[in-house]
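Undergrad: Chains as they are written, first to last, in the working numbering: chain A, 20 to 208; chain B, 20 to 208. Beta carbons are placed, not taken as given, at the ideal position from N, Cα and C, and that holds for glycine. Remember, predicted model here, so these are calculated numbers, not experimental data.
Protein chains: 2
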Amino acid sequence: MDFLKQKILQESEVLSDHVITLDSILNQQVDPQMIMELGREFAKRFSEVKITKVLTIESSGISLGFATALELGVPLVFARRRKTLVSDPETYSERVPSFTKGIVTDMLVSRKFLQPDDHILLIDDIIANGDAARGLIRIIERSGANLVGVGIAVEKSFQAGARTIREQGIRVESLVTVASLQGGKIRFE
Amino acid sequence: MDFLKQKILQESEVLSDHVITLDSILNQQVDPQMIMELGREFAKRFSEVKITKVLTIESSGISLGFATALELGVPLVFARRRKTLVSDPETYSERVPSFTKGIVTDMLVSRKFLQPDDHILLIDDIIANGDAARGLIRIIERSGANLVGVGIAVEKSFQAGARTIREQGIRVESLVTVASLQGGKIRFE
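(1) Would you report the Cα separation of aspartate 21 of chain A and glycine 92 of chain B, rounded to the nearest angstrom?
(2) What do you get for valine 105 of chain B, buried or exposed, if any count of 16 or more other CB atoms within 10 angstroms of its CB means buried?
(3) Can you tell me whether proline 116 of chain A is helix, strand or coil according to DSSP?
(4) Out of A:Ile139, A:Ala172, A:Gly203, A:Gly163, state which residue places its alpha-carbon closest to the alpha-carbon of lysine 69 of chain A.
(5) Terminal residues of the continuous alpha helix (DSSP H) containing serine 162 of chain B?
(6) Can you give me the start and stop residues for the alpha helix (DSSP H) that alanine 179 of chain A sits inside?
(7) Residues in the same chain with beta-carbon distance under 8 angstroms from glutamate 77 of chain A, minus the five sequence neighbours each way, listed in chain order, please.
(8) For histidine 138 of chain B, write down the residues that DSSP places opposite it in a beta bridge.
(9) Given this structure, state the Cα-to-Cα distance separating leucine 194 of chain A from arginine 59 of chain A, to the nearest angstrom.
(10) Using a Cβ-Cβ distance cut-off of 8 angstroms, determine whether aspartate 50 of chain B contacts chain A.
(11) In chain order, what residues of the same chain have a beta carbon less than 6 angstroms from the beta carbon of aspartate 150 of chain A, not counting five sequence neighbours either side?
(12) Kindly list the residues whose CB is nearer than 7 angstroms to the CB of alanine 86 of chain B, restricted to its own chain and excluding five residues on each side of it in sequence; keep chain order.
(13) Could you check how far apart the C-beta atoms of valine 173 of chain A and valine 197 of chain A are, in whole angstroms? I think they sit under 8 angstroms.
(14) Taking the Cβ atom as the reference point for each residue, do leucine 127 of chain B and serine 79 of chain B lie within a distance shorter than 8 angstroms?
(15) For glutamate 208 of chain A, which residues from the same chain have a beta carbon less than 7 angstroms from its beta carbon, with the 5 sequence-adjacent residues on both sides left out?
(16) Can you tell me which residues form a DSSP beta bridge with lysine 72 of chain A?
(17) Using a Cβ-Cβ distance under 8 angstroms, would glutamine 29 of chain B count as near chain A?
(18) Going by beta-carbon coordinates alone, are alanine 152 of chain A and glutamine 178 of chain A separated by less than 8 angstroms?
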């Protein structure tokens, strides 16, 4: 994944010791060819497990989730974010804080899209404290579906998200790991 | 686009004479192979014009925009929605009502992603009153970029959106046109 590291070094912006913006790579502008390469890599890493659906969360996860689902030949489901808790019996919802947005959001997935016989690969663009990923994992658990693993484009290993998920015994595959942003400098692991 | 009509007949839900939900086709769950077919169709219809970027709006437009951008070999940019107006000199914003959501949202695109020498293809999943599309068109105009046309998966021709945009002299290509939802029945044009 050296090309992704290169792209991050060239095009990202370090906003603080904890925050890096990937706007021109993953968040607001995407290069579809590059995203397809990342999707192919996720498909390869999880090629030996049965997967029936890819789950991601709007909006930054959708391109990456789409590319992975296209490579795997399975549907993509994406969770929605809402600022208010909808009480809908047809919908799984989890309230999670957002590290980058500094607000609480509710994540919603219609029940019909997650079935007990599903094998779910969770895909997201970046993991920091892991609140979104853990919320999605709770939703998958509640649906009775099987979580086969988590694929993350950029893991920030100096924050606890990916580690706490691995400690739950869940497989997490990160394409690139950022060990530190200290002093505005990106250090990869 | 008969397969898209079939899919709509099989999997959509008519909620009223004006509202159809495409949750399992375009909005919350997508079939990447089918979306790629739609993207190829847009790329074909606009093959004779120069396009440097595809612009869409989160979240439902992203899969379709991604597929189209992948086929065209250009970057995808997606506008964000916010409930509060961010006053950021680096960002184009337009306030628009949302027909389906019943609320007003602000659409935002970073200025750096739309340049005067860009040729933009606008892609969205569905057009009803066209508020989102017109908001994006105003953003493109303000950026000085050239709008080559608008590609829409599902046009609801009994609402004024697509017509008013065509009346501005802008090319609108819809893959499927729904003429009426009267009595819970989907009638295509």
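TA: Straight from the coordinates:
(1) 22 angstroms
(2) With a pLDDT of only 49 at valine 105 of chain B, under 50, the local geometry of the prediction cannot be trusted, and the value read off the model is given with reservation. Exposed, by the Cβ-count rule.
(3) strand
(4) A:Ile139
(5) 150-162
(6) No alpha helix (DSSP H) contains alanine 179 of chain A, which DSSP labels as neither H nor E.
(7) Phe97, Ala98, Arg99, Arg100
(8) B:Asn165
(9) 11 angstroms
(10) yes
(11) Val115, Pro116
(12) Ile54, Met55, Leu57, Gly58
(13) 6 angstroms
(14) no
(15) Ser176, Thr196, Ala198
(16) A:Ile139
(17) no
(18) no
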